[in-house]
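Quick notes on the structure that follows.
2 protein chains.
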Amino acid sequence: MKNTKKNAAILENANRLFELQGFKGTGVDQIAAESGVTKRTLYKHFGSKEGLIRAVLEAHETSMMERFRQDLAASRMTAKERILLCFDLYRDWFEHTNFTGCIFIKTLNEFANCTPALNQQAQGAKWALRELILEQTKSTRATEPEQLADQIQLLLEGSIILAQSGRGVTIIDAAQEAAAQLLEGA
Amino acid sequence: MKNTKKNAAILENANRLFELQGFKGTGVDQIAAESGVTKRTLYKHFGSKEGLIRAVLEAHETSMMERFRQDLAASRMTAKERILLCFDLYRDWFEHTNFTGCIFIKTLNEFANCTPALNQQAQGAKWALRELILEQTKSTRATEPEQLADQIQLLLEGSIILAQSGRGVTIIDAAQEAAAQLLEGA
DNA sequence: GATAAAGTATACCGTTCTGTATACGTAAGA
DNA sequence: TCTTACGTATACAGAACGGTATACTTTATC
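Structure representation (structure tokens):
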């Protein structure tokens, strides 16, 4: 019991600090300190910094996908509406005070050429999102659901970058509009 | 003369290593060593690591924009064709053996909450790209050139992320297709 | 050819990094 | 109650970090 509570605290703080400062910009000491835990304990639980990052990414992917599935299944909507709802979810994310970009994108950029395991994990998360979108595009009876799913994801990923680029939250409106247009044409 | 040659060598190597390993993942020692220069010289030229990063970003933005303007002005094309050509340029970039993502996106992700100056510089580069796209969308006589430019950039930025995510280079085809469709509808 | 700038080699400073060792407290189950 | 497992506090090892100092050598210019 205590075990899982400490564990969760470490994961939460690690996730927060990694998002704020990046992976290589965050020391294990800081994570341990802010989690109210000694380094010794942290290393008992996760083995290494890389092990901790793996755990953080896994937890993040799980909660992200759960969140998506919940929100998409919540109300009775058409597939098209569900796809457009994704952009609303992103809008909420961007409006959150602590928005600092996507942790998987951070992973891809920090570890691409030095830690393949982490890189693959981040790629896996992005792929999972695509599969989720694909489920929806298939339901729209679009002629090319795979390409449509790719295009929706392109807009979503792009919106993360531009939201980070000082473009206001309004960038998501342009993305949503584009998605609507693509859905119409498919 | 020698001065500028050393200077260029440092900038090139720093750019390459930052792209490969990230900013915080690359030490000044390595940059100096691989540039055939002592740390002393590097610090004489750029003052600090942050100064070097600033110079790298500035040089990168300059050469990127020059490259774009050259390629877009090369042949006689319609504005729509020029916009679609941007996706071909990105395809070339992705196919390059050393593609490791966008250095400005790396900057946004590594320095968002600890070095505002670098963050602003990266935002500036993304904004410059948008302005370049906007010039083209205005020429298409689209009803909403600003939103259209945003949408084109969304697709371009998204394609960088998905190209890094193990999705093949083919992702750029989906992006280009989407752009064509948006241009048609505008 | 003298002079002054700029480069080199090398060593160092203080800090921070990941990761470990030692020694002590605490909780719970047999 | 005793043991086992897990936590703490603290200190340290060894390396890498950004940045600087000293002393020697090259290079360009007047």
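For the protein sequence lines, the chains are F and G, in the order given.
Taken in order, the first sequence gives residues 1 to 186; the numbers are from the working numbering.
Taken in order, the second sequence gives residues 1001 to 1186; the numbers are from the working numbering.
Don't be surprised by glycine CBs; every beta carbon is placed ideally from N, CA and C.
Using a C-beta cutoff of 9 Å, does residue i count as contacting chain F?
i	result
Q1153/G	yes
A1033/G	no
I1133/G	no
A1191/G	No statement about residue 1191/G is possible, as the shown extent of chain G runs from 1001 to 1186 and does not include it.
R1130/G	yes
Q1030/G	no
How would you write the range of the alpha helix (DSSP H) that residue i sits in, first residue to last?
i	result
V56/F	49 to 74
F1104/G	1103 to 1111
N119/F	116 to 139
V1169/G	Taken as a continuous stretch (DSSP letters only), V1169/G belongs to no alpha helix (DSSP H), as it is neither H nor E.
T1038/G	Premise fails: T1038/G is in no alpha helix (DSSP H) and is neither H nor E.
F94/F	79 to 95
E34/F	28 to 34
Whose Cβ in chain G lies nearer than 7 Å to the Cβ of residue i?
i	result
K106/F	N1109
Output, in chain order, the set of chain G residues within a Cβ distance shorter than 9 Å of residue i.
i	result
L20/F	A1112, N1113, C1114
Kindly indicate if chain G contains any beta-carbon less than 9 Å away from that of residue i.
i	result
S165/F	yes
T54/F	In the sequence under discussion, the amino acid at residue 54/F is Arg, which differs from the Thr named in the question. It does not: the Cβ of R54/F has no partner Cβ on chain G nearer than 9 Å.
K138/F	no
Q121/F	no
E157/F	yes
T97/F	no
M1/F	Its pLDDT being 42, under 50, M1/F is placed unreliably in this model, and the coordinates cannot settle the point.
I171/F	yes
G27/F	no
T62/F	no
N13/F	no
What residues of chain F sit near residue i, judged by a beta carbon separation below 9 Å?
i	result
E1048/G	The sequence given here has Ser at residue 1048/G, not Glu. By Cβ distance, chain F contributes nothing, its closest Cβ being about 17 Å from S1048/G, past 9 Å.
L1162/G	K126, R130, D150, Q153, L154, E157
Kindly list, in the order they appear in chain F, the residues whose Cβ is closer than 8 Å to that of residue i.
i	result
A1174/G	Q147, D150, Q151, L154
So with CB distances below 7 Å, who are the chain F contacts of residue i?
i	result
E1058/G	Chain F residues near E1058/G: none, gap ~17 Å exceeds 7 Å.
T1004/G	Neighbours of T1004/G on chain F: none; closest Cβ ~29 Å, over 7 Å.
K1024/G	G22, K24, G25
Check the Cβ of residue i against every Cβ in chain G and list those closer than 8 Å, keeping chain order.
i	result
T143/F	None at all; the shortest Cβ gap to chain G is about 12 Å.
Q181/F	Q1181, L1182, G1185
G101/F	L1108, N1109, A1112
Is residue i near the ligand HEM - that is, is its Cβ less than 8 Å away from at least one heavy atom of it?
i	result
L89/F	Of the ligands one can find in the structure shown there are none, so the ligand HEM has no counterpart to examine.
Task: Residues of the region 69 to 95 of chain F with Cβ closer than 9 Å to any Cβ of chain G, in chain order - done: Listed by position along the chain: nothing, the set is empty.
Open item on the list: If we require 4 or more residues per run, which alpha helix (DSSP H) segments fall completely within the region 2 to 28 of chain F?
Closed with: Correct list: 2 to 21.
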